[in-house]
Amino acid sequence: MVQGPLENKDQAANTAAKITTVAQLQHWAYTKPQAVLDEMNQVRQYYDDTVIAHNKLIDQLQASAKGVEAVEHELQELGNDYKKQTDDLLQTQSQLDQAQKQIRVLKADNAAKMAPLSQIAYVTSCVEGDTAEHIYARPQDRAAKPYTSVNELLEHLATELCTKNID
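According to UniProt numbering, the sequence shown holds residues 1 to 167 in order.
So, in structure tokens, the structure goes:
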């Protein structure tokens with residue numbers, strides 16, 4: 001801490017008590033010129049130290065302001081990145097939702113297509129003998145006219161069995 005011109009309270013009180021008028025100041029300067037010079041040097045040194053301390057504070061304030069500006073800029077960039085990442089995340093989530101919907105539709109279509117095929121496969125596995133040999137070729141994809149539903153297979157079997165029984 002910078003020391004002031006009148007550090008001693010007694011000195012300040014004595015000086016203030018001695019000098020109350022301009023005439024007393026002139027008398028003091030005339031009788032004790034070295035004391036006046038010392039006092040002036042102390043005041044000047046105190047002023048110089050105060051200016052230096054002030055300038056240091058201003059430099060610190062400006063450095064802090066630059067630091068705050070840099071942090072604000074980084075926060076703004078992070079905020080922009082956060083907004084971009086949020087937008088990207090929302091877009092990705094939307095694409096994922098659409099893909100899941102398409103998968104559900106495809107699964108439903110596949111299940112609708114597979115249900116008749118699995119029913120046909122079940123009936124085919126339950127049939128034995130000549131009847132099995134008769135219907136075996138037709139469920140194949142390469143067949144000229146494959147079964148499209150279990151009802152069609154059952155109708156064919158009923159017709160085949162009725163024809164055999166009539167003969």
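Just so you know, even glycine gets a beta-carbon here, dropped at the ideal spot from N, CA and C.
Reduced DSSP secondary structure (H/G/I, E/B, other) of residue i
| i | result |
| --- | --- |
| Thr20 | coil |
| Pro146 | coil |
| Ala158 | helix |
| Val105 | helix |
| Lys32 | coil |
| Val127 | coil |
Residue environment, residue i, which counts as buried when at least 16 other CB atoms sit within 10 Å
| i | result |
| --- | --- |
| Leu153 | buried |
| Tyr82 | exposed |
| Tyr30 | exposed |
| Tyr147 | buried |
| Gly67 | exposed |
| Thr20 | exposed |
Cβ-Cβ separation, residue j to residue i (assumed contact under 8 Å), whole Å
| i | j | result |
| --- | --- | --- |
| Ile120 | Val150 | 5 Å |
| Val22 | Trp28 | Their Cβ separation, rounded to whole angstroms, is 11 Å, which puts Val22 and Trp28 out of contact at 8 Å. |
| Leu117 | Ile135 | Actually they are not in contact, since the Cβ atoms of Leu117 and Ile135 sit about 14 Å apart, beyond 8 Å. |
Proximity to residue i [Cα-Cα], best of the options
| i | options | result |
| --- | --- | --- |
| Asp130 | Tyr147, Tyr46 and Leu161 | Leu161 |
Does the stretch 84-103 come within contact of the stretch 116-131, defined as at least 3 CB pairs closer than 8 Å? no
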